[in-house]
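J.: The structure follows.
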Amino acid sequence: MPLENHEKARALLHRALVDRISLKDRRWLDAHVGQCPECGRYADLSARAVRALDGFAIELDPAAALRVENVVRRRAEEMRSAESHAKSLWIGTGVAIFLTFTGSALTWRTLAGLASQWNLPSRAWEIVFAGFWLLPSLLLALLPLFRKRLLGEDSDSKGQTI
Ligand SMILES: [Zn+2]
């Protein structure tokens with residue numbers, strides 16, 4: 008008997024254990040298993056193994072299943088809410104940066120006008136502007152993005168463990 012027939016028989020046996028096979032395949036398999044002692048033994052062992060595994064079926068406690076389902080559901084909701092929170096953080100940061108630059112442009116003009124009125128060297132008021140206006144504004148605008156890093160990685164979970 009060709010080797011391919013034994014391989015085909017085993018593949019069909021495996022499929023038949025977990026799924027339906029066509030009537031044509033079933034007839035071919037039954038004919039092959041009937042005349043091939045090696046595949047017949049393999050089919051018998053496979054059927055016994057599956058019956059033995061059925062004996063190991065675990066009775067699941069419905070309360071435990073419900074608890075697991077609730078935990079998974081709650082975790083999925085937390086992940087969804089964290090995602091929308093992160094999105095709003097990015098939008099807020101974008102708005103803050105836009106306002107920082109708009110306000111900085113206005114302040115720049117005002118300070119330039121005052122500096123020329125008071126005859127201040129331009130280098131001096133530019134340093135004052137960068138140190139006391141632009142830098143703090145930018146840091147405050149970017150603060151929400153680095154909040155997690157500054158406060159610790161799991162500041163959102165409030166110390167809960169699941
Ligand atoms: Zn065979």
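Residue 8 is where the sequence shown starts when you use the numbering used here, and the numbers rise one by one after that. The C-beta atom is built at its ideal place from N, Cα and C for all residues, glycine as well.
(1) Do the segment 33-43 and the segment 63-77 meet, that is, are 3 or more Cβ pairs less than 8 Å apart?
(2) Tell me, please, whether the segment 84-103 touches the segment 124-143 by the rule of three or more beta-carbon pairs shorter than 8 Å.
(3) Looking only at its chain, what residues have a beta carbon closer than 7 Å to the beta carbon of D163, apart from the 5 residues adjacent to it on each side?
(4) From this set, L118, S53, F153, which residue's C-alpha is nearest L141's C-alpha?
(5) Should H39 be listed as close to ligand 1, given that the test is whether its C-beta is under 7 Å from any heavy atom?
(6) Ligand 1 and A23: does the residue's C-beta get closer than 7 Å to at least one heavy atom of that ligand?
(7) Classify S123 as helix, strand or coil using the three-state DSSP reduction.
(8) Helix, strand or coil for D32? Go by DSSP, reduced to three states.
(9) Taking the alpha-carbon positions, what's the I104 to A137 distance?
(10) If you follow the alpha helix (DSSP H) that G62 is part of, which residue opens it and which one closes it?
(11) Measure the beta-carbon distance from L145 to T109 and round it to whole angstroms, keeping in mind my assumption that it falls under 8 Å.
(12) Tell me which residue opens and which closes the alpha helix (DSSP H) that L149 is part of.
(13) Between L30 and L20, how many whole angstroms is the CB-CB distance? I'm expecting something under 8 Å.
(14) Quick check: Y49 and R17, are their CB atoms within less than 8 Å of each other?
T.: This is what the structure holds:
(1) no
(2) no
(3) Confidence at D163 is low in this model, with a pLDDT of 49, below 50, so the placement of that residue is unreliable and no value is reported for it.
(4) L118
(5) yes
(6) no
(7) helix
(8) helix
(9) 15 Å
(10) 44-62
(11) Wrong, their Cβ atoms sit about 13 Å apart, outside the cutoff.
(12) 142-149
(13) With 8 Å as the limit, L30 and L20 do not qualify as a contact, their Cβ atoms being about 16 Å apart.
(14) yes
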